[in-house]
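S.K.:
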Amino acid sequence: MTPTKTAPQNDLPEVYIDDILMTLKYFTDEHEVHLKIIDPQVCMNCESKPCVQFCPVGAYRTQDGGTVQIAFQSCVECGTCRVLCPNSNISWKLPRGGYGVAYKFG
Amino acid sequence: MSTKEKLTFDVIVVGAGLAGSAAAAIAARNGLSVAMIERGQTPGSKNYFGGALYTHSLLEIYPDLWDRKPPLERPVTESGFWFLSKDGMVRATVQGGKMQNDPIDAYVALRAKFDAWWAEQAKKEGVFIIPKTVVVDFIREDEKVVGVITDRPDGEIYAPVVIICEGVNNLLTQKLGLAKHDLKAHASALAVKQLISMPAETINARFGLPSNEHGLAASVMGDVSMGLPGLGFLYTGVDSVSVGVGVTLEALTKAGIKPYELLQRYLNHPMIAPMIAGGRLMEYGAHIIPEGGWTTMPKLYTDGALVAGDAASMVNALHWEGTNMAIMAGKAAGETAVEAHQKRDFSAKSLSAYRARLDKTFVMTDLHQYRNLSHFLKSRPDFMNTYPAFLNDALGMFFSGFGKPKKQLYKDILRSLTDRRPLVKAAGDMIAFGRTIMGF
Ligand SMILES: Cc1cc2nc3c(=O)[nH]c(=O)nc-3n(C[C@H](O)[C@H](O)[C@H](O)COP(=O)(O)OP(=O)(O)OC[C@H]3O[C@@H](n4cnc5c(N)ncnc54)[C@H](O)[C@@H]3O)c2cc1C
Ligand code: SF4
Ligand code: SF4
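Protein chains in written order, with the working numbering: chain A, 1 to 106; chain B, 107 to 546.
Following this line, the structure appears as structure tokens:
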């Protein structure tokens, strides 16, 4: 097969995800964090940091020094980061029973 | 172990989704004691889809469905494909005719409402629902599953058969070794959706629906996914519209795009924006679809356990069929649990009757037929871009540019294809696509 161009033209609108997340209801676990970075050093060496792009709620944010922080409170438990982190550097668990996102409509 | 008596049921169902509540209802109706464990605050609060439910599968569990007043939105009376180019759209939808079957074949629904009701029906059959509880592992004796461990203190519950209906993130199925690996990036799609509120009359007017008893289900291809392997959708509820897009995880990360920006780009599309103008965002969400189907299906049974629904990769992505497969599989799993209790045999051999049951349904035959779809889209990454764009050009040229010789028109149309894809390759694409969906 001849190589085909998959790189999309970048005409994506900018979106303020926090505005959108206002529509979601969460039961936040104050005592347990269900998502953790296993080794911050690995993130520092992870150049492209794809988690910052692919997480559908933008829970991953880059910090000064090249590590990333996870806003686990806004996670919708989709599973994408567990599958896509190229370094398998995320410890991914379901929130404890009753916690996490609670869709009102679904 | 504590001095308390062991908490024991005939059947444990993990997950109160579509598969879970179906499996639990069938088992309880046949006299078994059933515990259904759900991690959400209430059944439905974690569940998400486009989408439409298929009437045949609901009737399969509750023949008196309509007397039970299911919380459905609109019946789907118009359905089909919308092909988006950058600034245009070709619609190929069907209405009337078979779309007026009695009962109507599909209904738009919102899962938080529907699944709560679906679980409530299982409760009426005698199912004991345990919400706000995560199953974290299994209790095993001599390699056999004999119960589950939950995240509650003293949270062990016993049953000779456990039906796993945990949805797409099938961590428990992996833990049992039934699934040999985690989700595959090329065979899983991340879908994001906005639920947009609009008055029913506005929806009726904008989508050409004669009344609230008419609804639209559109599968959207082309520019919606920026040509990446993926699909968009639009469903009309009574006073809301569900608009979303899914692309494979592999494409998402390769393209380096943010899912919510891809969705916003779709909502801003010149053909889509006027449809939802003035609407208010009610809820956003995201969920993975296990599109691998047959190719990523785990083993479906082991000693003391069965797997059904998304957890077993039972989705036909091209047709948006996952809910009906989950319900049919839940039913087959429930029936198999009943039979195993009659035989008092919970071995893998006995439970293999589940697979035999499913093999006789459309679930397995369809998944087998479509087994090469994920691979097809992976190997032809431009497929979703080229043809929707060409279709828009071709029809656009056909119905415009009057006063020019028609010979030139046909040349131009052909040209707009060959500029995108050499004729031989285009023919190859079509043959390969045909073979893929026919299952050769
Ligand atoms: C955006 C989108 C659009 C879709 N559109 C359609 C459509 O239009 N038509 C269609 O037929 N299909 C559609 N699908 C697919 C369909 O939604 C799924 O196939 C279907 O929901 C699968 O049902 P399930 O019961 O297997 O899983 P789910 O409905 O996901 O249920 C799993 C349940 O298990 C619970 N659970 C998980 N782990 C645990 C645990 N460890 N302990 C306790 N509880 C647990 C969860 O909370 C959840 O309640 C769509 C999917 C998506 C994402
Ligand atoms: S993709 Fe993985 S390794 Fe890279 S920054 Fe994100 S979490 Fe760290
Ligand atoms: S599970 Fe999904 S929503 Fe949660 S942090 Fe990972 S990618 Fe983001």
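Here a beta-carbon is modelled for each residue, glycine too, at the ideal position from N, C-alpha and C.
Do you know how far the Cα of Gln300 (chain B) is from the Cα of Tyr390 (chain B)?
M.R.: Position 284 of the second sequence, counting from 1, holds the residue named residue 390 (chain B). Position 194 of the second sequence, counting from 1, holds the residue named residue 300 (chain B). Rounded to whole angstroms, Tyr390 (chain B) to Gln300 (chain B) spans 5 Å at the Cα level.
S.K.: Which partner residues does Phe54 (chain A) have in the DSSP bridge list?
M.R.: Within the first sequence, numbered from 1, the residue matching residue 54 (chain A) stands at position 54. Answer is none; Phe54 (chain A) lacks a bridge partner.
S.K.: Report buried or exposed for Gly97 (chain A), applying the criterion of at least 16 other Cβ atoms within 10 angstroms of its Cβ.
M.R.: Here the question's residue 97 (chain A) lines up with position 97 in the first sequence. Classification for Gly97 (chain A): buried.
S.K.: Can Ile255 (chain B) and Phe244 (chain B) be called in contact, C-beta distance under 9 Å?
M.R.: Stepping through the second sequence from its first residue, residue 255 (chain B) is reached at position 149. Stepping through the second sequence from its first residue, residue 244 (chain B) is reached at position 138. Contact: yes.
S.K.: With distances taken Cα to Cα, identify the nearest neighbour of Thr67 (chain A) among A:Glu77, A:Asn45, A:Val76, A:Glu32.
M.R.: To locate residue 67 (chain A), count along the first sequence from 1; it is residue 67. That would be A:Asn45, whose Cα lies nearest to the Cα of Thr67 (chain A).
S.K.: Take Asp29 (chain A) and list the residues in its own chain whose beta-carbon comes closer than 8 Å to its own, dropping the five residues that flank it on each side.
M.R.: What you label residue 29 (chain A) is simply residue 29 of the first sequence in a count that begins at 1. Cβ within range, chain order: Pro95, Arg96, Tyr99, Gly100.
S.K.: Does any CB atom of chain A fall closer than 9 Å to the CB of Asn275 (chain B)?
M.R.: In the second sequence, counting from the first residue as 1, residue 275 (chain B) sits at position 169. So, interface residue.
S.K.: Taking Phe27 (chain A) as the query, report the chain D residues whose CB atoms sit under 7 Å from its CB, ordered along the chain.
M.R.: Chain labels in this structure do not include chain D; the protein chains are A and B.
S.K.: Measuring CA to CA, which of B:Thr467, B:Tyr407, B:His375, B:Glu356 is closest to Leu483 (chain B)?
M.R.: Position 377 of the second sequence, counting from 1, holds the residue named residue 483 (chain B). Of the listed residues, the one whose Cα sits closest to Leu483 (chain B) is B:Glu356.
S.K.: Closer than 8 Å: is that where the CB of Val50 (chain A) sits relative to any heavy atom of ligand 3?
M.R.: On the first sequence, position 50 is the one that residue 50 (chain A) refers to. A small correction: the amino acid at residue 50 (chain A) is Pro; Val does not occupy that position in the sequence shown. With a cut-off of 8 Å, the C-beta of Pro50 (chain A) is classified as distant from ligand 3, since no heavy atom of the ligand falls inside that distance.
S.K.: Spell out whether any CB of chain A is found under 9 Å from the CB atom of Ala122 (chain B).
M.R.: If you number the second sequence from 1, residue 122 (chain B) lands on position 16. By this cut-off, Ala122 (chain B) is not an interface position.
S.K.: How do the stretch 114 to 124 of chain B and the stretch 418 to 425 of chain B stand: do at least 3 beta-carbon pairs fall below 8 Å, yes or no?
M.R.: no
S.K.: If distances are taken between C-alpha atoms only, which option among B:Tyr168, B:Gly157, B:Trp188 comes closest to Trp224 (chain B)?
M.R.: Residue mapping note: residue 224 (chain B) aligns to position 118 of the second sequence, counting from 1. Looking at the Cα atoms, B:Tyr168 is the closest of the given residues.
S.K.: Ligand 3 and Ala295 (chain B): does any heavy atom of the ligand fall closer than 8 Å to the residue's C-beta?
M.R.: Taking the second sequence and counting its residues from 1, one reaches residue 295 (chain B) at position 189. Here the distance from the Cβ of Ala295 (chain B) to the nearest heavy atom of ligand 3 is not below 8 Å.
S.K.: Would you say the beta carbon of Ala211 (chain B) is closer than 8 Å to some non-hydrogen atom of ligand 1?
M.R.: In the second sequence, counting from the first residue as 1, residue 211 (chain B) sits at position 105. Position check: residue 211 (chain B) holds Asp in this sequence, whereas Ala was assumed. No - ligand 1 has no heavy atom lying nearer than 8 Å to the Cβ of Asp211 (chain B).
S.K.: Within the 9 Å Cβ cut-off, does Gly523 (chain B) reach chain A?
M.R.: The count along the second sequence starts at 1 and reaches residue 523 (chain B) at position 417. Rather than Gly, the amino acid found at residue 523 (chain B) in this sequence is Leu. In terms of beta-carbon proximity, Leu523 (chain B) stays away from the interface with chain A, with every pair separated by 9 Å or more.
S.K.: Helix, strand or coil: which one does DSSP assign to Thr4 (chain A)?
M.R.: Taking the first sequence and counting its residues from 1, one reaches residue 4 (chain A) at position 4. For Thr4 (chain A), the predicted structure reports a pLDDT of 37, less than 50, and the residue's modelled location is therefore unreliable. A value from the coordinates is still provided. It is coil, neither helix nor strand.
S.K.: Using the beta-carbon of each residue, which ones in chain B are nearer than 8 Å to Leu12 (chain A)?
M.R.: Here residue 12 (chain A) refers to the residue found at position 12 when the first sequence is read from its first residue. Within chain B, the residues near Leu12 (chain A) are Ile363, Lys364, Glu367, Leu368, Gln370, Arg371.
S.K.: Under 9 Å, do Phe54 (chain A) and Leu296 (chain B) count as touching if we go by C-beta distance?
M.R.: Taking the first sequence and counting its residues from 1, the one referred to as residue 54 (chain A) is at position 54. Taking the second sequence and counting its residues from 1, the one referred to as residue 296 (chain B) is at position 190. Against a cut-off of 9 Å, the Cβ pair of Leu296 (chain B) and Phe54 (chain A) comes out as a contact.
S.K.: I want to verify the contact list: residues of chain A whose CB lies under 7 Å from the CB of Leu301 (chain B), in sequence order.
M.R.: In the second sequence, counting from the first residue as 1, residue 301 (chain B) sits at position 195. Near Leu301 (chain B) (Cβ distances below 7 Å), the residues of chain A are Phe105.
S.K.: Trp400 (chain B) by DSSP, collapsed to three states: which one?
M.R.: Here residue 400 (chain B) corresponds to residue number 294 of the second sequence, with the count starting at 1. Three-state DSSP puts Trp400 (chain B) in a helix.
S.K.: Going by DSSP in three states, Phe508 (chain B) sits in which element: helix, strand or coil?
M.R.: Indexing the second sequence from 1 puts residue 508 (chain B) at position 402. Correct three-state label for Phe508 (chain B): coil.
S.K.: Return the residues of the stretch 375 to 402 of chain B that lie within a Cβ-Cβ distance of less than 7 Å from chain A, sorted by chain order.
M.R.: Leu387, Met388, Glu389, Tyr390, Gly391, Ala392, His393, Ile394
S.K.: Quick check: what's the CA-CA separation for Asp535 (chain B) versus Glu226 (chain B)?
M.R.: Position 429 of the second sequence, counting from 1, holds the residue named residue 535 (chain B). Position 120 of the second sequence, counting from 1, holds the residue named residue 226 (chain B). If you take the alpha carbons of Asp535 (chain B) and Glu226 (chain B), they lie about 47 Å apart.
S.K.: Where Leu190 (chain B) and Gly338 (chain B) are concerned, what is the direct C-alpha to C-alpha distance, given to the nearest angstrom?
M.R.: Counted from its first residue, the second sequence places residue 190 (chain B) at position 84. Counted from its first residue, the second sequence places residue 338 (chain B) at position 232. The straight-line gap from Cα to Cα measures roughly 10 Å.
S.K.: I'd like the ranges of any alpha helix (DSSP H) spanning at least 4 consecutive residues and lying wholly in the stretch 263 to 295 of chain B.
M.R.: 277 to 281
S.K.: For Glu356 (chain B), verify whether its CB is less than 8 Å away from any heavy atom of ligand 3.
M.R.: In the second sequence, the residue the question calls residue 356 (chain B) occupies position 250. No - ligand 3 has no heavy atom lying nearer than 8 Å to the Cβ of Glu356 (chain B).
S.K.: Do the CB positions of Glu397 (chain B) and Leu479 (chain B) come within less than 9 Å of each other?
M.R.: The residue given as residue 397 (chain B) occupies position 291 in the second sequence. The residue given as residue 479 (chain B) occupies position 373 in the second sequence. Cβ atoms of Glu397 (chain B) and Leu479 (chain B): closer than 9 Å.
S.K.: As a quick exercise: from A:Cys43, A:Leu24, A:Thr80, pick the residue whose alpha carbon is nearest that of Gln73 (chain A).
M.R.: Here residue 73 (chain A) corresponds to residue number 73 of the first sequence, with the count starting at 1. Out of A:Cys43, A:Leu24, A:Thr80, A:Leu24 has the C-alpha closest to the C-alpha of Gln73 (chain A).
S.K.: Express the C-alpha separation of Phe489 (chain B) and Gly253 (chain B) in angstroms, rounding to a whole number.
M.R.: Here the question's residue 253 (chain B) lines up with position 147 in the second sequence. Here the question's residue 489 (chain B) lines up with position 383 in the second sequence. In a straight line, the C-alpha of Gly253 (chain B) is about 47 Å away from that of Phe489 (chain B).
S.K.: Under 9 Å between the Cβ atoms of Ala324 (chain B) and Leu334 (chain B)?
M.R.: On the second sequence, position 218 is the one that residue 324 (chain B) refers to. On the second sequence, position 228 is the one that residue 334 (chain B) refers to. No, Cβ-Cβ distance for Ala324 (chain B) and Leu334 (chain B) is not below 9 Å.
S.K.: I'd like to check one pair, Lys152 (chain B) with Glu77 (chain A): are the Cβ atoms closer than 9 Å?
M.R.: Looking up residue 77 (chain A) in the first sequence gives position 77. Looking up residue 152 (chain B) in the second sequence gives position 46. Annotated as proximal: Glu77 (chain A) and Lys152 (chain B), with beta-carbon spacing under 9 Å.
S.K.: Does DSSP put Ala417 (chain B) in a helix, a strand or coil?
M.R.: Working through the second sequence from its first residue, we reach residue 417 (chain B) at position 311. Helix at Ala417 (chain B).
S.K.: Output needed in chain order: residues of the stretch 153 to 181 of chain B with a Cβ under 8 Å from some Cβ in chain A.
M.R.: Under the 8 Å Cβ criterion, the stretch 153 to 181 of chain B contributes Asn153, Tyr154, Phe155.
S.K.: I want to see whether chain A comes within less than 9 Å of Phe189 (chain B), judged by CB atoms only; does it?
M.R.: In the second sequence, counting from the first residue as 1, residue 189 (chain B) sits at position 83. Not an interface residue.
S.K.: Report all residues from its chain with a CB closer than 6 Å to the CB of Gly428 (chain B); omit the five preceding and five following residues, and keep chain order.
M.R.: Taking the first residue of the second sequence as 1, we reach residue 428 (chain B) at position 322. Hits under 6 Å: Val421.
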